[in-house]
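Q:
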Amino acid sequence: MSNDIWVLAEHHEGKVKKITFELLSAGIDFSKKTGQEVAALLLGSGLEEAVKSLTPFADKIYLMDAPSFTPYTSDAYLASIASLIKEHQPSILLGGATSTGKDLFPRLAMHLQTGYAPDCTGLSMGEDGKLTARRPLFGGKVFAEMAFSEARPRMATVRNNAFLVNENPGKSAKVISVPPHIDPSLLKKKVTGFEKATGAKLDITEADIVVAAGRGIKAPENFKLIEDLADVLNGSVGTTRATVDEGWRDLKDQIGKSGKNISAKLYMAFGISGAIHHVLGIGTCKTVVAVDTDPNALIFNYADYGIAGDLFQIVPALTEEFKKALVADQ
Amino acid sequence: MEIYVLVKQVPDPEAIVKVKSDSELEIENKYFTSFFDEIAIEAGLKLKEKTGGKVTVLTVDNRRVDALRRGISMGADDAVQIADPALEGADQFALARTLSTYLKDKPFDLILTGRQAMDDDAGIVGPAVAECLGIPHIHSIIGLEVDDQKKEAKVLREVENGKESLTCPLPALFTCQKGLNVPRIPLVMNVMKAMKAQIKKVDLASLGLGPSDVSPYIKIEKYVPPPKRPPVKMVKEDFPQNVKTLVKLLREEAKVI
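Top line first, the protein sequences correspond to chains A and B. Numbered by this note's numbering, the letters in the first sequence go through residues 2 to 331 in order. Numbered by this note's numbering, the letters in the second sequence go through residues 42 to 298 in order.
1. By the 7 Å beta-carbon criterion, what residues does the region 119-146 of chain B contribute toward chain A?
2. Which value, in whole angstroms, describes the spacing of the CA atoms of residue 73 (chain B) and residue 330 (chain A)?
3. Verify the CB distance criterion: does residue 209 (chain B) have a CB-CB separation below 7 Å to chain A?
4. By the criterion of Cβ-Cβ separation under 8 Å, what are the contact partners of residue 193 (chain B) in chain A?
5. DSSP on residue 286 (chain A), reduced to helix/strand/coil?
6. Taking contact to mean at least 3 C-beta pairs separated by less than 8 Å, is the region 238-249 of chain B in contact with the region 265-277 of chain A?
7. Would you tell me roughly how many angstroms separate the C-alpha atoms of residue 315 (chain A) and residue 305 (chain A), rounded to the nearest one?
8. Using only the heavy atoms of the ligand PLP, determine whether one of them is closer than 6 Å to the beta carbon of residue 52 (chain A).
9. Which residues of the region 271-297 of chain A have a Cβ closer than 9 Å to any Cβ of chain B? Give them in chain order.
10. State the CB to CB distance for the pair residue 191 (chain A) and residue 208 (chain B), rounded to an integer number of angstroms; the pair is presumed to be in contact (CB under 8 Å).
11. Measure from the alpha carbon of residue 44 (chain B) to the alpha carbon of each residue in B:118, B:61 and B:111, then state which is nearest.
12. Near residue 173 (chain B), which residues of its chain fall below 7 Å by C-beta distance, leaving aside the five closest residues on each side in sequence?
13. Between which residues of its own chain and residue 16 (chain A) is the CB-CB distance below 8 Å, once the five residues before and five after are set aside?
14. Kindly list, in the order they appear in chain A, the residues whose Cβ is closer than 8 Å to that of residue 292 (chain B).
15. According to DSSP, is residue 11 (chain A) part of a helix, a strand, or is it coil?
16. Suppose the cutoff is 6 Å on Cβ atoms and the five residues either side in sequence are ignored; what does the same chain contact list for residue 221 (chain A) look like?
17. Note down, in chain order, every chain B residue with its Cβ under 8 Å from the Cβ of residue 13 (chain A).
18. Round the Cβ separation of residue 206 (chain B) and residue 192 (chain B) to the nearest angstrom and send it over; I've been treating them as touching at under 8 Å.
19. Would you mind telling me which residues of chain A sit closer than 9 Å to residue 260 (chain B), beta carbon to beta carbon, in chain order?
20. Answer with yes or no whether the minimum CB distance from residue 71 (chain B) to chain A is below 7 Å.
21. One question on the structure: do residue 82 (chain A) and residue 170 (chain A) come within less than 7 Å of each other, judged by their Cβ atoms?
22. In angstroms, rounded to a whole number, what distance separates the CA positions of residue 177 (chain A) and residue 165 (chain A)?
23. Could you tell me the distance, in whole angstroms, from the CA atom of residue 223 (chain A) to the CA atom of residue 180 (chain A)?
24. Check each residue of the region 212-243 of chain B: if its Cβ is closer than 7 Å to any Cβ of chain A, include it; give the result in chain order.
25. Going along the region 159-191 of chain B in order, which residues come within less than 9 Å of chain A, judged by CB to CB distance?
26. Check for me: the beta strand (DSSP E) holding residue 52 (chain B) runs from which residue to which?
27. What is the DSSP secondary structure of residue 183 (chain A), counted as helix, strand or coil?
28. My understanding is that residue 188 (chain A) touches residue 76 (chain A), with C-beta atoms under 8 Å, so please give their C-beta distance in whole angstroms.
29. Taking only beta-carbon positions, decide if residue 252 (chain B) is within less than 7 Å of chain A.
30. Any Cβ of chain A within less than 7 Å of the Cβ of residue 295 (chain B)?
31. Among A:122, A:128 and A:86, which has the Cα closest to the Cα of residue 32 (chain A)?
32. Count Cβ pairs between the region 262-276 of chain A and the region 285-304 of chain A that sit closer than 8 Å; are there 3 or more?
33. Can you pull the DSSP bridge partners for residue 62 (chain A)?
34. Pull up the DSSP beta-bridge partners for residue 17 (chain A), would you.
35. Please tell me whether residue 192 (chain A) has its Cβ less than 7 Å away from any Cβ of chain B.
36. Going by C-alpha distance, which of A:158, A:124 and A:230 is nearest residue 325 (chain A)?
Structure follows, in structure tokens:
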């Protein structure tokens, strides 16, 4: 039994996603308590750049190189990962609470008959090696601390920004090439196409900065103001259920109970009144700014900074002010 | 087509949910059928209308069958409740094992459910049922077309940077996301009928399962209230000074930019 801490590395167009580095950084912290090794699990093909970027963050990289791993399907991933886990018996397996993590982890946990805590906002490791996962319930109205049974590995998917990326991880991973375990008869699903989201930078669940507007923006074309601000901050644009139901914005950008939960470092809400559906989706953002004409808007109860004012006046001025400040930094 | 839809009655998003003690929650008595499960029911009904067949709604719940009645009022043909004292406090894996044991000898072509239940927000049961049954699954679909002759589904799935199209042979399990459809609102007459509809009740023993088959892999050790934000700092200066101050606060105090 290796007892190691494993992280499933996620990558897009050959580049490793930030959540993977966050989880490896957490793994490095945990390993200092228990002396385990940290390993990244990397599946795909043409992953030289990914291997290079992961090397300082792990003791080992298990590399499975096969074209059928790109794009992701659980059919291809599950058998290969499961057989590697059975061979090495890691203590922990972590992944991002992403479309891949949420598709693969519950099924893999059932397959391995082990515990899995989904969509966590925190993980902690006791001196005795006990892992506790913290996760929101009821859309974030309460949180639960989850304990795992004796089964291994203990599995969790974690939201973005739950951990900081270690600036000096100080590892130098050994790359271990593993033959993939693919049974063609099990490859039932076939990805036949991919439609890239228009104008999308990062998904709102992955972006460090999210700028959003609600019905207070008055018309769909006015989102240009919000997009300009997001561009300056290198952030992504979110919205509320109301504008999605109006057909003004795409569902993928909806924040809240029937949309997405975001964990941005900075979330800015313009013309958003703060319905419970919406604020449940921003509970784990680090800093929240709200601007609304109504000084009694509920959104201010969930914000760190607020301005009672007109977004049509404030947003363009903010864009200019940030532009100036960020230029001065360079 | 034989379609099964896994559903759950959960506290309404408006319901107040608070921590009562480490091991207990206080939940306001306001329940509804989990929104994503309603989307799954609608998807099942739409397919039935096209290809014929039958839609059965299925829940594991010792107390509430309202989600089943909702399903019937929308147009489902049959409803099954799995209930057993041993399922009290069961985790999602135990629920998945229970559901899949019930389903394994049924003639299903398709199993649908919500992308997650709006109480535990876990999203485990669907994929775990598919694993137990050895059928493919796809999480969070926003488009679905079925070729009943070829027994194949064309599915659109939401991923981080766009939309992915997939083909998948049936039988399969899909979890449904907002955008797939808009669930119908049942007619009052059908709601009345659903109140009286017969619901088949199944317990663990009749599935050949014992308490050890539903022992949990994960358990809630402690409930905690959500992290509290400090009171909001309102920037009360006049425009444009308020904008300058806000930028300064975000850079120097919050240090997020």
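We put the beta carbon where it would ideally sit given N, CA and C, even for glycine. None of the values given here were measured: they were computed from a predicted structure.
A: Answer, in terms of the structure:
1. So the close ones are 134 and 137.
2. 51 Å
3. yes
4. The contacting residues do not exist; residue 193 (chain B) stays about 10 Å from chain A at best.
5. coil
6. no
7. 17 Å
8. Because no ligand of any kind appears in the structure shown, any question about the ligand PLP cannot be addressed here.
9. Listed by position, the residues of the region 271-297 of chain A near chain B (Cβ gap below 9 Å) are 277, 278, 281, 284, 285, 287, 288, 289, 290, 291, 292 and 296.
10. 5 Å
11. B:118
12. 137, 138 and 141
13. 50, 51 and 54
14. At a beta-carbon threshold of 8 Å, the residues of chain A lying near residue 292 (chain B) are 326, ordered along the chain.
15. coil
16. Correct list, in chain order: 249.
17. Under the 8 Å cutoff, chain B gives 201 and 202.
18. Contact between residue 206 (chain B) and residue 192 (chain B) is absent: CB atoms are separated by about 18 Å, not below the 8 Å threshold.
19. 116, 147, 148, 149 and 150
20. no
21. No Cβ-Cβ contact shorter than 7 Å links residue 82 (chain A) with residue 170 (chain A).
22. If you take the alpha carbons of residue 177 (chain A) and residue 165 (chain A), they lie about 27 Å apart.
23. 53 Å
24. 219 and 220
25. 159, 160, 161, 162, 163, 164, 165, 166, 167, 168, 169, 170, 171, 172, 173, 176, 177, 178, 179, 180, 181 and 183
26. In the DSSP annotation of this structure, the continuous segment of the beta strand (DSSP E) that includes residue 52 (chain B) starts and ends at 50-52.
27. Residue 183 (chain A): coil per DSSP, three-state reduction.
28. 5 Å
29. no
30. yes
31. With respect to the C-alpha of residue 32 (chain A), the residue from A:122, A:128 and A:86 having the closest C-alpha is A:128.
32. yes
33. A:41 and A:176
34. A:12
35. yes
36. Ranked by Cα distance from residue 325 (chain A), the options A:158, A:124 and A:230 are led by A:230.
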